[in-house]
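Single-structure report; data block below.
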Amino acid sequence: MPSIKLHDTLTGEKREFVPLHEGRVGMYVCGPTTYDYAHIGHARVAIVFDMLRRFFEYMGYDVVLISNITDVDDKIINKANEIGEDPIKMAHRYAREYLKDMDSLRVRRANIIPKATRHIEEIISLIEKLIERGYAYESDGDIYFAVEKFKEYGKLSHRKIEDMLAGARVEISEKKRNPLDFALWKAAKPNEPSWPSPWGPGRPGWHIECSAMSMAYLGPTLDIHGGGADLIFPHHENEIAQSEAATGKTFARYWMHVGLVRFEEEKMSKSIGNVFLIRDLVKKYPPEALRVMYINSHYRKPFDFSEKNMEGARGILEKIWSVYQLLREEEGDKISEDVKKRISRTRERILQALCDDFNTREAMREYLEFMNYARDLKKGDAKAARAFMEEMDEIFDILPRNEGGRERELIELLLEVRRRERERKNYDIADFIRNELSKIGIKIEDAKNGTRWYRV
Ligand SMILES: [Zn+2]
Numbered sequence: 000m001p002s003i004k005l006h007d008t009l010t011g012e013k014r015e016f017v018p019l020h021e022g023r024v025g026m027y028v029c030g031p032t033t034y035d036y037a038h039i040g041h042a043r044v045a046i047v048f049d050m051l052r053r054f055f056e057y058m059g060y061d062v063v064l065i066s067n068i069t070d071v072d073d074k075i076i077n078k079a080n081e082i083g084e085d086p087i088k089m090a091h092r093y094a095r096e097y098l099k100d101m102d103s104l105r106v107r108r109a110n111i112i113p114k115a116t117r118h119i120e121e122i123i124s125l126i127e128k129l130i131e132r133g134y135a136y137e138s139d140g141d142i143y144f145a146v147e148k149f150k151e152y153g154k155l156s157h158r159k160i161e162d163m164l165a166g167a168r169v170e171i172s173e174k175k176r177n178p179l180d181f182a183l184w185k186a187a188k189p190n191e192p193s194w195p196s197p198w199g200p201g202r203p204g205w206h207i208e209c210s211a212m213s214m215a216y217l218g219p220t221l222d223i224h225g226g227g228a229d230l231i232f233p234h235h236e237n238e239i240a241q242s243e244a245a246t247g248k249t250f251a252r253y254w255m256h257v258g259l260v261r262f263e264e265e266k267m268s269k270s271i272g273n274v275f276l277i278r279d280l281v282k283k284y285p286p287e288a289l290r291v292m293y294i295n296s297h298y299r300k301p302f303d304f305s306e307k308n309m310e311g312a313r314g315i316l317e318k319i320w321s322v323y324q325l326l327r328e329e330e331g332d333k334i335s336e337d338v339k340k341r342i343s344r345t346r347e348r349i350l351q352a353l354c355d356d357f358n359t360r361e362a363m364r365e366y367l368e369f370m371n372y373a374r375d376l377k378k379g380d381a382k383a384a385r386a387f388m389e390e391m392d393e394i395f396d397i398l399p400r401n402e403g404g405r406e407r408e409l410i411e412l413l414l415e416v417r418r419r420e421r422e423r424k425n426y427d428i429a430d431f432i433r434n435e436l437s438k439i440g441i442k443i444e445d446a447k448n449g450t451r452w453y454r455v
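Just so you know, we're using numbering that gives the first Met the number 0 here: the sequence shown kicks off at 0 and counts up by one.
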């Protein structure tokens with residue numbers, strides 16, 4: 000088995016993955032700030048880390064995945080004020096919707112999904128530590144992190160403090176000593192949610208919550224810290240600064256960032272405006288198609304979203320499902336040597352691709368090549384190929400579900416009714432059954448030896 004290599008944003012290199020504790024992986028992935036419904040960009044981050052987690056598990060690791068919900072923030076407060084809802088209640092409502100949307104994409108839930116407002120104590124004690132160690136200061140009820148005190152500031156995003164000051168849109172404030180300093184704690188303003196603290200009522204800044212919550216569950220050093228590429232600066236840069244300033248230890252051994260999903264706003268209204276949100280997308284496409292679309296791209300590269308890409312992914316998914324369906328119809332025990340070899344070679348190549356900085360695109364290419372080969376297999380060979388697809392599905396999770404048991408029986412029953420109606424030349428009823436099944440994603444194909452069905 001090849002060793003796993005991951006591209007680390009901090010060093011800019013692919014490095015062999017060596018966990019802090021043998022056989023274990025502690026992963027923290029920044030989750031959404033919940034003030035709206037989840038979109039295809041959220042889904043990419045969630046799907047990539049979901050598959051990475053499954054891959055580690057497949058390789059025999061114990062994985063603990065922590066993925067937070069930011070439930071107090073300017074954006075949340077602004078929107079809640081706009082619609083006249085309590086900000087925290089609204090954030091929790093959207094958090095529930097976010098999790099439902101991700102469930103629909105077969106994203107397994109993280110082991111712990113911490114919320115910022117439930118960790119105020121940990122946040123306050125981390126801030127106290129930073130003040131104690133001289134990295135943070137109070138100013139009029141706010142607490143700021145003093146960026147120039149942390150000598151390595153800029154190491155993750157590869158920026159220099161001078162350049163940041165010159166180029167960036169830094170928020171100038173009377174309260175800050177340096178324009179790059181960022182708020183750890185914000186003094187309460189009227190009509191904002193607030194919590195008591197040693198510096199008076201207020202609420203945490205965004206960056207500090209991830210440092211506090213990741214360390215609360217995973218300790219001072221995480222194996223992998225992940226998120227979208229848009230978080231590298233300032234969010235993750237600030238997280239490293241706070242965490243390492245407080246503990247004096249390496250905060251994350253590997254930093255992984257998922258490329259942004261791009262779409263032109265103008266085009267959006269015309270071509271993808273209607274599937275931009277996950278809840279809309281899954282009405283038009285099978286959710287697994289979105290997984291296939293992202294598997295088929297390299298996770299670090301930006302992705303240009305379009306309906307054409309979605310159609311393409313649906314095509315690939317249908318191909319995979321139709322081969323799987325064919326293989327399911329075969330039974331037998333004998334497996335030829337050729338097929339055994341081909342399966343183990345394909346497995347090896349797929350794992351090699353995944354070990355090489357989680358190259359799912361290359362893995363999918365091998366998988367699809369195997370589909371072309373497997374579709375004509377019969378009996379025991381077909382059964383072995385099907386078992387191999389199911390094995391790989393521990394990582395990809397794209398094969399059709401729920402076809403066993405009661406649902407399958409009911410579909411078969413409907414098809415039998417349709418067959419009898421056709422015999423009596425009641426074509427309107429037969430067509431009605433076919434059309435209605437198609438509406439719920441079940442496609443029928445009439446062939447000489449009977450009717451086949453599969454999901455689309
Ligand atoms: Zn975060």
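All C-beta atoms, glycine included, are put in the ideal place defined by N, C-alpha and C.
| query | result |
| --- | --- |
| Local Cβ density within 10 Å of V416, reported as buried at 16 or more and exposed below that | exposed |
| For W184, three-class secondary structure by DSSP | strand |
| Buried or exposed (CB count within 10 angstroms, at least 16 for buried), A446 | exposed |
| Closer than 7 Å: G311 CB and nearest ligand 1 heavy atom | no |
| Contact set for H297: own chain, Cβ-Cβ below 6 Å, skip 5 residues either direction | R360 |
| Near ligand 1: H234 beta-carbon under 7 Å from a heavy atom | yes |
| S196, buried or exposed, once every other Cβ within 10 Å from all chains shown has been counted against 16 | buried |
| Buried/exposed call for T69, threshold 16 Cβ in 10 Å | buried |
| Selected residue, minimal CA-CA separation from N308, among W320, R299, I294, F16 | I294 |
| When G201, F48, R313, D392 are compared against N190, the one with the closest alpha-carbon | G201 |
| Cutoff 7 Å; reference D139; Cβ partners in own chain excluding five residues on either side | K174, A186 |
| Identity of the residue in H206, L164, I126, H224 nearest G44 by Cα | It should be pointed out that residue 44 corresponds to Val in this sequence rather than to Gly. Cα-wise, what sits closest to V44 is H224. |
| Backbone CA spacing between Y323 and A182 [nearest angstrom] | 53 Å |
| Within 8 Å, strictly: CB atoms of A244 and E121 | no |
| Boundaries (first-last residue) of the alpha helix (DSSP H) holding D430 | 426-438 |
| Closest residue to A240 among K150, Y453, W184 (Cα-Cα distance) | K150 |
| Cβ shell of E420 (< 7 Å), same chain only, five flanking positions each side left out | I428, A429 |
| Counted within 10 angstroms of its Cβ, other Cβ atoms place F250 as buried (16 or more) or exposed | buried |
| Between the CA atoms of F16 and I3 - distance to the nearest angstrom | 5 Å |
| Proximity test, G40 beta-carbon vs ligand 1 heavy atom, cut-off 7 Å | no |
| C-alpha distance - R400 paired with I439, whole-angstrom precision | 14 Å |
| Per-residue DSSP class, three states only, for E56 | helix |
| Distance cut-off 7 Å: G226 Cβ against heavy atoms of ligand 1 | yes |
| C-alpha distance - F369 paired with F304, whole-angstrom precision | 27 Å |
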